[in-house]
Amino acid sequence: MGNCISQKQFAEKQHSDIKVVGSDIKVVEPEKEYKILLLGSGESGKSTIFKQMKIIHQDGFSPEELSAYIPTIYKNILESIHAILVFMEISDIKFVRLPNRRLGQQVLRSTSRPGVPVRLSPLKAKAIHQLFQDPVITQLEHMRGDFYLMDNADYFLDAVRRIGKEGYCIQYVPTVADVLHARQATTGISEMHFNMGGLPVHMFDVGGQRAERKQWIQCFESVSSIIFCAALSEYDQVLLEEKHQNRMTESLALFGSVINTYWFKNTSIILFLNKIDVFEAKLQIVPLDVHFPKYTGDEDNVNEAAAFILDQFMQKNRAGLNVYPHLTQATDTSNIRRVFTSVQENILQNTLKDAAIL
């Protein structure tokens, strides 16, 4: 969708904006849509915010739409346990409980076969649950920066028995929380129309992986606001695409390239420092100064640590644009609802400024 609107759509739109009243032809000004772009690196929470807009401003997810996420959720679980087992094997880390060592090898073999349909049987779910309860998992918490693991791994591996349970008249249907935690890389451009406090909004979610970013420019024109998502929790993590590249460093560089481009000199920038819940829990295990030595604040103070990271982002703002930061937990609908109340006020103020009312 190179121009975000086809020539046919443009012609139809022109036709719909002309009304004949008697013998007079009147041109009706179309209602202006407020265009919001969701940007950020992979796994920053952009698509979760996009899902939340469907929940808050549309009708949420139908049973059919919830069920459509089953393969993605199964895939997240199997890829997560596979990543853990591969890292343990490479690092010569053993399960503490002896029966789990053989079981781990069996699960590793069963998740290593390419081309096998993604399915989570009750037996496999039980095995994965048993492995995830081994004390070695606590040891691995300190080593998350040494291998790639999705942020939703703990959520789904904790829930694996519920998700894998099947039987007579029992079929797994994802909850809304499951869908919000489900991770599927955005490819291409997704878009949504909704009304936010009387403002018609056209929101775009574009892929955050490196290979997807070349498509961003397709929707840069006439952007009213950018919501840039950055995961606070990624300070000790590495990229999926490049195992030696720190994800926070990548996100900072990406933010700098976005905020200083000439395309957005008149655009309001809304910064979502996301995954505050994961960040707060992780600080108790991996101090921020291990990966960012310039941090001299309290190791356990989430507000000080978040303020430090916010300052790192603000230092990238060489263009001097207005940046409106928010701490967010994208999987929490009530949190996102509150945050978007502030976002809505910001959008309304900018709309009035554009109209020269303020």
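Residue numbering for the sequence shown follows full-length UniProt numbering, starting at 1 and increasing by one per position.
Don't be surprised by glycine CBs; every beta carbon is placed ideally from N, CA and C.
Enclosing beta strand (DSSP E) for residue i [first to last residue]
i    : result
L66  : Careful: L66 lies outside any beta strand (DSSP E), inside the alpha helix (DSSP H) at P63 to S67.
D205 : L199 to V206
V323 : V323 to L327
Element boundaries [alpha helix (DSSP H), containing residue i]
i    : result
K75  : I70 to I90
K46  : K46 to H57
I163 : V160 to G164
Contact under 7 Å by Cβ, residue i with residue j
i    : j    : result
A185 : I73  : no
V302 : D236 : no
V339 : T328 : yes
I270 : N317 : no
T180 : T341 : The sequence given here places Leu at residue 180; Thr does not occur at that position. Going by C-beta atoms, L180 is not nearer than 7 Å to T341.
V223 : L348 : no
V238 : Y295 : no
A307 : L288 : no
Whole-angstrom C-beta distance between residue j and residue i, which should lie under 8 Å
i    : j    : result
H202 : E33  : 4 Å
Y324 : P174 : Y324 to P174, Cβ: 33 Å. No contact.
L275 : A319 : The question names Leu, but residue 275 in the sequence shown is Lys. About 26 Å; that fails the 8 Å criterion.
L131 : G104 : 6 Å
For residue i, the three-state DSSP class (helix, strand or coil)
i    : result
Y172 : coil
A230 : strand
P135 : coil
Y235 : helix
E141 : helix
F194 : strand
L98  : helix
M314 : helix
F147 : coil
V343 : helix
I189 : strand
Q36  : One detail in the question is off: residue 36 reads as Ile in this sequence, not Gln. If DSSP states are grouped into helix, strand and coil, I36 belongs with the strands.
S222 : coil
D332 : coil
I93  : coil
S121 : coil
Which full runs of the beta strand (DSSP E) of 3+ residues lie inside the segment 243–305, going along the chain?
Every unbroken stretch of the beta strand (DSSP E) spanning 3 or more residues and falling wholly within the segment 243–305 is given here in chain order: 268–274.
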